[in-house]
Amino acid sequence: MGNWPAEAIIYVDKEKPAADGYHHDVPDKWLRATDILHDPKLIVDGQHANDIDQGHFGDCYLLGAASAIARNRRSFVRTVFPAYDIQVGVYGVLFNMEGHYTYVIVDDYLACDVFGKPQWATPVDKELWVSMLDKELWVCILEKAYCKLYKCAETCWGGQSADAVHNFLSGVHGRYTIKAAHMKEPSAYFETLKAAYEAGEVLTCTFWPPSKGKYADEKFMLGLIDNHVYGIPEVKEAHGHQMLCLKNPHGRGEWKGPWSDGSEEWTQELRKAFGVVNRDQGLFWMAVEDFLHFADHVYFNRSFGPAWKTASVYGHADKEIPRARAKYYHQARDKQELSYKKGDEIESEDARGRWMKGKHLKSGEVGKFQRKHVDFQCKAVYKFVFSVQDVEEGSPIFLALMREDHKQRREYTTVTFWGEEMNKLVRDCPTCFFYAQTWAGKTLRNREENERLSWISVEVKECPCTLWLTCPGGHGETWTLRGFVPHGSCSIVKQDCTYADFLDETKHFF
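Numbered as in UniProt numbering, the sequence shown ends at 510 without a single skipped number.
Quick look at the structure:
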């Protein structure tokens, strides 16, 4: 932020003080970056996937995602830190929520151990592969700002890498699932990932112990960590070898199988082609045929540049506790279920999943019932028509439903673990019914959604499309419905629709 004042007023974040609301491996102390680091800078010699060392905090999904973005988006750090002052200790950090940019402001208090060393994410020196604690801050501050975005550190312990990427780049995300055919022909899956990487998609993955195949008996997965997010900074083919570059956000711990850093497969020519360095930096290469044994899928995030045209509409879920009317007679099969007759009303405060908990209004009994047995009496129902103009045939078109991230509400449910009741963070959004069909009557979407983001791809010839949407039991949570086209224009127009209309027009989806 330019010249520093002679006597800066040190910023302290009173809205979210450092030690608020975290119980996993509580830091011993909180110290200012300028007090423990010598001449800190936000970034040194550009951003790199290898800048990241996770530390003692369960956010591999965030830092694995950040490693992939850092390689994929050269201006990432410059974009997400639009303003800051290191001497004053204040940082503005930019995020994207439901397709809209927002920001949080944090101070530079860092979680430290008893020796005064940072305990959470830290950068790593790109040449010496040692802690770079006297130079670079962007990783530490980014992690802290993300925790503030989600109200506290506790809500950020565990998550999905695709959601983390979405918080920076927006767009849509999904999975490239590994199928049986890919095990027989790995190059087909490689070509999918290569095309995605070259199109600018951000890729991440998680590994699991293989139950069959040549690595099924490997007890320690040859250096890989299960249920741990890895970034995929690069997908490359050279000299006939199809390889994936992976980044362990721990900053150490690598694949020890074929094509590991010290493996005999590497010739000098191949080392130069793939940029291989024989150091444990958490960055390594795997052949696609080996990768397929340990992964179930690869997450992708596709964002849309400034040339894309968009159209948006906004709405909210029902604010009142929803009531449902039974469509069938049902006799309870155990003490946890409800019995009901056709026409009976059930009140359900938590409309999530196929099995829901509710209160039978006539008997007063509380228990479980199946979503498919009832019709919700929704007050907030929506109908839209999506159209495109001057868009060429074959062009990619996307419709995305972006919902308020439920983690920000800090709601908890009680679960029993090893005989002890514990509070568990509610991450899923309340059930939303999202239906879509083409002008010719072809079904495009007929799912009950609990995800933060749902999307469909549409062809020009399928437009205009009709969309129906309702979210019972959503406590008034907001949502955005957004269309994306690469050129031309698009529109989403609201239509009159009562709840009776909604049931009548969507009954063929059930």
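By construction, the Cβ of each residue, glycine as well, lies at the ideal position given by its N, Cα and C atoms. These numbers come from a predicted model, not from an experiment.
Under a three-way DSSP split, which group does residue i fall into?
i, result
"H297", "strand"
"S187", "helix"
"H100", "strand"
"V114", "coil"
"T431", "coil"
"H508", "helix"
"Q377", "strand"
"G315", "strand"
"T34", "helix"
"M132", "Bear in mind that the predicted position of M132 carries a pLDDT of just 49, short of 50, making it too unreliable to give a figure here."
"S211", "coil"
"C465", "strand"
"G367", "strand"
"residue 515", "Any property of residue 515 remains undetermined from this structure, which presents the chain solely from 1 to 510."
"Y499", "helix"
"K342", "coil"
"K41", "strand"
"L169", "helix"
"E347", "strand"
"E154", "helix"
"E198", "helix"
"F220", "coil"
"H330", "strand"
"K407", "helix"
"K372", "helix"
"D28", "coil"
"D261", "coil"
Could you check where the beta strand (DSSP E) with residue i kicks off and where it finishes?
i, result
"Q268", "Taken as a continuous stretch (DSSP letters only), Q268 belongs to no beta strand (DSSP E), being part of the alpha helix (DSSP H) at 268-274."
"K357", "355-360"
"Y412", "412-417"
"A66", "Note, A66: premise wrong, no beta strand (DSSP E); alpha helix (DSSP H) at 60-72."
"R323", "323-326"
"V172", "172-177"
Can you tell me which residues form a DSSP beta bridge with residue i?
i, result
"S491", "S387"
"C245", "E234, W285"
"S303", "BP columns for S303 are empty, so no partner."
"F484", "T310, F398"
"D85", "V90"
"L425", "Y412"
"A436", "R445, L467"
"T206", "V229"
"V106", "Y91"
"D53", "T122"
"W479", "G315, R403"
"E420", "F417"
"E337", "K368"
Could you tell me if residue i is buried or exposed, where buried requires 16 or more neighbouring beta carbons within 10 angstroms of its beta carbon?
i, result
"P472", "buried"
"F115", "exposed"
"Q408", "exposed"
"K144", "buried"
"S348", "buried"
"L361", "exposed"
"A83", "exposed"
"F434", "buried"
"residue 555", "Residue coverage of the chain in this structure runs from 1 to 510, which leaves residue 555 outside it and unanswerable."
"W355", "exposed"
"P306", "exposed"
"D53", "buried"
"Q160", "buried"
"H487", "exposed"
"G251", "buried"
"F220", "exposed"
"V493", "exposed"
"I475", "Checking the sequence, you will find His at residue 475 rather than Ile. Classification for H475: buried."
"S260", "buried"
Within 8 Å: the Cβ of residue i and any heavy atom of the ligand ZN?
i, result
"S454", "As for the ligand ZN, it is missing from this structure, which has no ligand bound."
Where do the ends of the alpha helix (DSSP H) carrying residue i lie?
i, result
"K144", "138-149"
"S454", "Note, S454: premise wrong, no alpha helix (DSSP H); beta strand (DSSP E) at 453-458."
"T79", "76-80"
Since residue i contacts residue j with CB under 8 Å, what's their CB separation in whole angstroms?
i, j, result
"V391", "R302", "The Cβ separation is near 18 Å, so there is no contact."
"A167", "F95", "A small correction: the amino acid at residue 167 is Asn; Ala does not occupy that position in the sequence shown. Indeed, because the Cβ distance is near 5 Å, the residues count as touching under 8 Å."
"A400", "W455", "4 Å"
"Q377", "R323", "5 Å"
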